[in-house]
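First comes the structure, then the notes that go with it.
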Amino acid sequence: MIHYNNSYNPDSEGFYGQFGGAFIPEMLFSNINNLKNQYLEIIKDESFQKEFDNLLKDYVGRPTPLYFAKRLSEEIGAKIYFKREDLCHTGAHKVNNTIGQILLAQRLGKTRIIAETGAGQHGVATATVCALMGIQCIVYMGEIDIARQAPNVQRMKMLGAEVRPAKSGSKTLKDATNEAIRDWINNPIDTHYIIGSVVGPHPYPDMVAKFQSVISEEMKWQLKEKEGRENPDYIVACVGGGSNAAGAFYHYLDEPEVKLVLVEAAGEGIYSGKSAATSILGSRGVIHGSMTMLMQDPYGQIIEPHSISAGLDYPGIGPLHAHLIDSKRAQVFAATDDQAIEAAFHITQMEGIIPALETAHALAVLDQMEVNKDSVVIVNMSGRGDKDLNTYIAVQDSDKTENIPSSGI
14 MIHYNNSYNP
24 DSEGFYGQFG
34 GAFIPEMLFS
44 NINNLKNQYL
54 EIIKDESFQK
64 EFDNLLKDYV
74 GRPTPLYFAK
84 RLSEEIGAKI
94 YFKREDLCHT
104 GAHKVNNTIG
114 QILLAQRLGK
124 TRIIAETGAG
134 QHGVATATVC
144 ALMGIQCIVY
154 MGEIDIARQA
164 PNVQRMKMLG
174 AEVRPAKSGS
184 KTLKDATNEA
194 IRDWINNPID
204 THYIIGSVVG
214 PHPYPDMVAK
224 FQSVISEEMK
234 WQLKEKEGRE
244 NPDYIVACVG
254 GGSNAAGAFY
264 HYLDEPEVKL
274 VLVEAAGEGI
284 YSGKSAATSI
294 LGSRGVIHGS
304 MTMLMQDPYG
314 QIIEPHSISA
324 GLDYPGIGPL
334 HAHLIDSKRA
344 QVFAATDDQA
354 IEAAFHITQM
364 EGIIPALETA
374 HALAVLDQME
384 VNKDSVVIVN
394 MSGRGDKDLN
404 TYIAVQDSDK
414 TENIPSSGI
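Right, dumping it as structure tokens:
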């Protein structure tokens, strides 16, 4: 059941405090306005809810487990749980949103789907639901990401999607989003753009957060079963745009005793010039249709981000998360490429779970948090690491393996 009400819902214009809104070209106004006027009515409809819930259960494989990481808990000195979104069909949380949006697109009469992807998980999830429903699918992906996420590219093609490379700019997620928006401007009538994160013009940040809220809905009753309480002390999630974090936080936004922890990609170091730590390096501005925090120069030009993780290699952050940070509701950490790699190898060898590089950033900061033996910490395990095996193998085969710790994150 999709959750609707909390004090962090956007206002009628799509703003979370000073962040959000819809800053769009005139050619997209009709599409965005129709979506804004209809999405809540459609997703509240009983037949939509029933179809959405049934597909999440029987196709996606929900509920995903809340797993107690026993060995890691002993090492950290707290009760560490993993919300296992990596066990979803397609290997990440992304499919929760694409299931919702494909059902919405059908009810809007759309016959063509476009999407952007960085790590490839959203692209795979979009191609998957398009194959399921028999709808044309085009996925835009940066040339660099196509090279470093080759397994996901092959999955998308096998599912029948056309993968179009973004060759401009940094040739990563930002540029793939630019290309998808250009496509939508040129094809406004028959096309629905399935945005993969809580970014973009209103109503996308709210809509995607609502579809992902199933994560925290399950966490509440699962933690009650395991610990006798619904609320953990901390929820930790990586953030680029931030859909996995929005889903993990959603049912806890009005529970101030639950500390919300966002982990950004520091790349080669926050101030190295090769980073994606938006909340630290960024300032208020407009990117991809919404007012948010983004990395920009004094003239408003985007500063190219860097992360070893394609899904976090983005110069902005979702407007909900910008508001949570601005209002001090969420705390931010940053993990470097090296810290994420070390955490990935360590968790794999401690718990037998290979995390996605995105998730590895969240895992990398656990030993920096102020916890005790009674603290309950949930880490959103947003995706599995199959797609990153080439990167992990390259690291394992290099001299860097000498720096991978045998204990301690």
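Numbers 14 to 422, taken from this note's numbering, label the letters of the sequence shown in order. The beta-carbon is built from N, C-alpha and C at its ideal position, and this holds for glycine as well.
Specify the secondary structure class of residue i as computed by DSSP and reduced to three states.
i      : result
Gly421 : Only weak support is given to the placement of Gly421: the predicted model assigns it a pLDDT of 44, under 50, and the value that follows is read from those uncertain coordinates. DSSP places Gly421 in coil when its eight states are reduced to three.
Tyr21  : coil
Thr141 : helix
Trp244 : Checking the sequence, you will find Asn at residue 244 rather than Trp. In the structure shown, Asn244 sits in coil (DSSP, three-state: anything other than H, G, I, E or B).
Gly30  : coil
Pro178 : strand
Tyr217 : helix
Met154 : strand
Thr414 : Caution applies to Thr414, whose pLDDT of 46 falls short of 50 and renders its modelled position unreliable; the model cannot decide the point.
Pro368 : strand
Val252 : coil
Gln62  : helix
Thr130 : strand
Gly286 : coil
Ala375 : helix
Ile316 : coil
Ile300 : strand
Gly209 : coil
Tyr327 : coil
Ile228 : helix
Ala35  : coil
Are the C-beta atoms of residue i and some chain C residue less than 8 Å apart?
i      : result
Pro332 : The structure shown has no chain C; it contains just one protein chain.
Hey, out of the options, whose CA is closest to residue i's CA?
i      : options                        : result
Phe42  : Glu59, Ile202, Tyr94, Met171   : Ile202
Glu268 : Ala279, Asn244, Met304         : Asn244
Ile315 : Gly27, Pro328, Met304          : Pro328
Lys233 : Met382, Gln51, Pro164, Lys96   : Lys96
Asp380 : Val408, Ala407, Ala347         : Ala347
Ala375 : Ser388, His135, Gly255         : Gly255
Glu231 : Ile354, His336, Asn393, Lys63  : Asn393
Asp326 : Ile366, His334, Thr190, Asp246 : Thr190
How far does the beta strand (DSSP E) with residue i in it extend, from its first residue to its last?
i      : result
Ser43  : It is not in any beta strand (DSSP E) - Ser43 instead sits in the alpha helix (DSSP H) that spans 39-57.
His205 : 204-206
Lys83  : Premise fails: Lys83 lies in the alpha helix (DSSP H), 83-89, not in any beta strand (DSSP E).
Thr305 : 303-307
Tyr265 : No beta strand (DSSP E) holds Tyr265; DSSP gives it neither H nor E.
Leu333 : From DSSP, Leu333 is part of no beta strand (DSSP E) but of the alpha helix (DSSP H) over 332-339.
Val345 : 343-349
Asn393 : 389-393
Tyr94  : 92-96
Which first and last residues belong to the alpha helix (DSSP H) in which residue i is found?
i      : result
Ile194 : 186-199
Ser292 : 291-294
Val408 : 402-409
Lys442 : Not covered by the structure: residue 442. The range shown for the chain is 14 to 422.
Asn118 : As written in the sequence, residue 118 is Ala, which differs from the Asn given in the question. Element bounds for Ala118: 107-120.
Taking buried to mean at least 16 other C-beta atoms within 10 Å of its own C-beta, is residue i buried or exposed?
i      : result
Gln167 : exposed
Thr141 : buried
Ala261 : buried
Thr124 : exposed
Phe224 : buried
Glu311 : Note that residue 311 is Pro in the sequence shown, not Glu. The residue is exposed, with fewer than 16 neighbouring Cβ atoms inside 10 Å.
Tyr217 : buried
Ala128 : buried
Pro318 : buried
Gly122 : exposed
Ser419 : Residue confidence is low: Ser419 scores 41 on pLDDT, short of 50, so the model does not pin down where it sits. No coordinate-derived value is stated.
Asn110 : buried
Arg161 : buried
Report yes if the C-beta of residue i is less than 7 Å from at least one heavy atom of the ligand COA; otherwise report no.
i     : result
Ser60 : Of the ligands one can find in the structure shown there are none, so the ligand COA has no counterpart to examine.
Open item on the list: Under 8 Å: do the stretch 352-359 and the stretch 201-221 share three or more Cβ pairs, one atom per stretch?
Closed with: no
Open item on the list: Between the stretch 145-156 and the stretch 183-192, can you find at least three pairs of beta-carbon atoms closer than 8 Å?
Closed with: yes
Open item on the list: Three or more C-beta pairs under 8 Å: does that hold for the stretch 363-370 against the stretch 395-410?
Closed with: Result yes; three or more Cβ-Cβ pairs closer than 8 Å.
Task: the stretch 142-152 / the stretch 272-287 touching (three or more Cβ pairs under 8 Å) - done: no
Open item on the list: With a threshold of 8 Å, are at least 3 pairs of Cβ atoms found where one atom belongs to the stretch 82-94 and the other to the stretch 383-392?
Closed with: yes
TODO: Determine, using beta-carbon pairs with one atom in the stretch 172-179 and one in the stretch 292-305, whether at least three such pairs fall under 8 Å.
DONE: no
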